[in-house]
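Remarks on the structure that follows.
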Amino acid sequence: MNDFESVKKLIIQLVKDKAGNFDGDSWEADYKLNWEDELAERLANAFYNMSRAASAKENTDDVMLKAALLNSRTDFMDLANFFRDIFDDLDALLRKPVWPDIPEGFDYQGYHQRVIHRCRMRKPDHLGRNCVSFLVQGIPAKMTMVFSFLSRGDLGLIHAGMSREESRKALGGRFEAFYKAEDSTVPTDAYDDLGVHVYFDERYRVVGVEFLKWSELVWDNQKLVGENALVVRQFLAKRGEVLVFNDSGFSATGVGLRFYVPDFEEDDAIVEAVYVEVGGV
Numbered sequence: 001m002n003d004f005e006s007v008k009k010l011i012i013q014l015v016k017d018k019a020g021n022f023d024g025d026s027w028e029a030d031y032k033l034n035w036e037d038e039l040a041e042r043l044a045n046a047f048y049n050m051s052r053a054a055s056a057k058e059n060t061d062d063v064m065l066k067a068a069l070l071n072s073r074t075d076f077m078d079l080a081n082f083f084r085d086i087f088d089d090l091d092a093l094l095r096k097p098v099w100p101d102i103p104e105g106f107d108y109q110g111y112h113q114r115v116i117h118r119c120r121m122r123k124p125d126h127l128g129r130n131c132v133s134f135l136v137q138g139i140p141a142k143m144t145m146v147f148s149f150l151s152r153g154d155l156g157l158i159h160a161g162m163s164r165e166e167s168r169k170a171l172g173g174r175f176e177a178f179y180k181a182e183d184s185t186v187p188t189d190a191y192d193d194l195g196v197h198v199y200f201d202e203r204y205r206v207v208g209v210e211f212l213k214w215s216e217l218v219w220d221n222q223k224l225v226g227e228n229a230l231v232v233r234q235f236l237a238k239r240g241e242v243l244v245f246n247d248s249g250f251s252a253t254g255v256g257l258r259f260y261v262p263d264f265e266e267d268d269a270i271v272e273a274v275y276v277e278v279g280g281v
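For what it's worth, UniProt numbering labels the leading residue of the sequence shown as 1, then goes sequentially.
Here's what the structure looks like:
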């Protein structure tokens with residue numbers, strides 16, 4: 001039972017069989033989906049892709065479950081358990097088959113990080129809906145775009161004074177606009193394949209770009225994100241940059257760079273994200 005249609009039928013049946021133990025009516029009210037048809041098929045596609053990824057890494061870690069649980073409200077516990085049951089049943093039935101069409105070099109860990117980061121950024125009242133909507137699209141194609149920090153406010157492709165439309169044209173590809181915080185009035189453009197978030201002011205001019213761990217940001221060939229924090233600090237010190245430290249990392253205020261390093265006290269701490277100030281230069 002290795003082909004997609006067979007697996008999809010199996011998962012749809014698992015969804016329907018377990019639907020009686022889950023409050024499908026409230027799901028339909030919130031998400032305007034038909035529980036036994038459209039949602040079942042979308043879940044089938046999602047779990048099929050997740051099982052392929054798990055098989056590729058011999059890891060049945062359910063990223064959909066983690067996304068639903070992360071920072072979520074307690075009423076998503078039933079949904080998460082529902083997902084877990086289906087995934088466990090699927091794993092037991094398929095016995096981790098070797099799928100013939102696993103993308104070569106598929107970055108399971110990177111995909112997992114994209115999912116979790118996106119879900120962390122959601123408004124609490126929309127978290128579950130948006131995370132599931134993001135996940136059921138399936139595994140995105142891996143994209144790479146190298147950004148070079150040239151000077152304060154200048155990333156080459158993205159620079160001070162650029163409009164939202166200009167930045168979208170420069171970056172291309174798929175993006176999703178979402179509100180970063182509860183009180184945000186202007187949406188942020190998220191290019192999850194690239195690991196890039198672009199921020200705008202009320203005039204929709206670019207004011208900053210956030211680079212996540214799986215993105216490619218360099219300065220004179222030195223990688224700035226996803227790199228050992230000590231290596232980055234030494235590089236900045238050699239360039240004469242003054243660093244300001246805080247609870248979440250450090251900043252090079254002279255060039256408008258902010259580094260997020262949650263495990264800063266650890267010797268092997270990694271720069272998880274870098275925010276580059278673009279506006280106001």
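Yeah, the Cβ is synthetic: ideal placement off N, Cα and C, and Gly gets one too. Bear in mind that the values here come from a model prediction, so they are computed numbers and not experimental data.
Give the DSSP-derived three-state secondary structure of residue i in the structure shown.
i: V206; result: strand
i: S167; result: helix
i: L155; result: coil
i: K238; result: helix
i: P262; result: coil
i: A54; result: Bear in mind that a pLDDT of 45 at A54, under 50, signals an unreliable position, so the model cannot answer this.
Apply the 10 Å Cβ neighbour rule to residue i and answer buried if 16 or more other Cβ atoms are within range, or exposed otherwise.
i: D37; result: In this predicted model, D37 has a pLDDT of only 49, less than 50, meaning its place in the structure is not dependable enough to derive any value.
i: V242; result: exposed
i: R258; result: buried
i: D220; result: exposed
i: V274; result: buried
i: T185; result: exposed
i: V276; result: buried
i: V196; result: buried
i: G208; result: buried
i: E210; result: buried
i: V271; result: buried
i: L135; result: Per-residue confidence for L135 stands at a pLDDT of 34, beneath the threshold of 50, marking its modelled position as unreliable; the derived number appears in the next sentence. Buried, since its Cβ has 16 or more Cβ neighbours within 10 Å.
Tell me residue i's beta-bridge partners as DSSP assigns them.
i: I270; result: N228
i: A252; result: L243, L257
i: K213; result: None, per the DSSP bridge assignment.
i: A190; result: E176, H197
To the nearest angstrom, how far is the alpha carbon of residue i from that of residue j?
i: L127; j: G240; result: Reliability fails at L127, whose pLDDT of 33 lies under 50, so the model's placement of it is uncertain and the value that follows must be treated cautiously. Cα-Cα distance, rounded: 42 Å.
i: V198; j: D267; result: 30 Å
i: V278; j: F264; result: 25 Å
i: residue 285; j: A177; result: Residue coverage of the chain in this structure runs from 1 to 281, which leaves residue 285 outside it and unanswerable.
i: G153; j: L224; result: 16 Å
i: H159; j: D247; result: 29 Å
i: Y204; j: R164; result: 6 Å
i: W214; j: G226; result: 6 Å
i: P262; j: V244; result: 15 Å
i: V218; j: S151; result: 12 Å
i: Y179; j: Y191; result: 14 Å
i: G156; j: E216; result: 13 Å
i: D183; j: V206; result: 19 Å
i: S167; j: T188; result: 12 Å
i: F250; j: Y260; result: 7 Å
i: M162; j: V231; result: 31 Å
i: G172; j: F149; result: 19 Å
i: Q222; j: F147; result: 11 Å
i: F235; j: A229; result: 10 Å
i: A181; j: F175; result: 18 Å
i: R233; j: E202; result: 33 Å
i: G254; j: L194; result: 26 Å
i: A170; j: G256; result: 22 Å
i: L212; j: M145; result: 13 Å
i: F200; j: A269; result: 30 Å
In the DSSP assignment, the beta strand (DSSP E) including residue i goes from what residue to what residue?
i: T185; result: Segment: none, T185 is in no beta strand (DSSP E) and carries neither H nor E.
i: S148; result: 146–148
i: W219; result: 216–219
i: E177; result: It should be pointed out that residue 177 corresponds to Ala in this sequence rather than to Glu. Per DSSP, A177 belongs to the beta strand (DSSP E) from 176–178.
i: V278; result: No beta strand (DSSP E) contains V278, which DSSP labels as neither H nor E.
i: F200; result: 196–200
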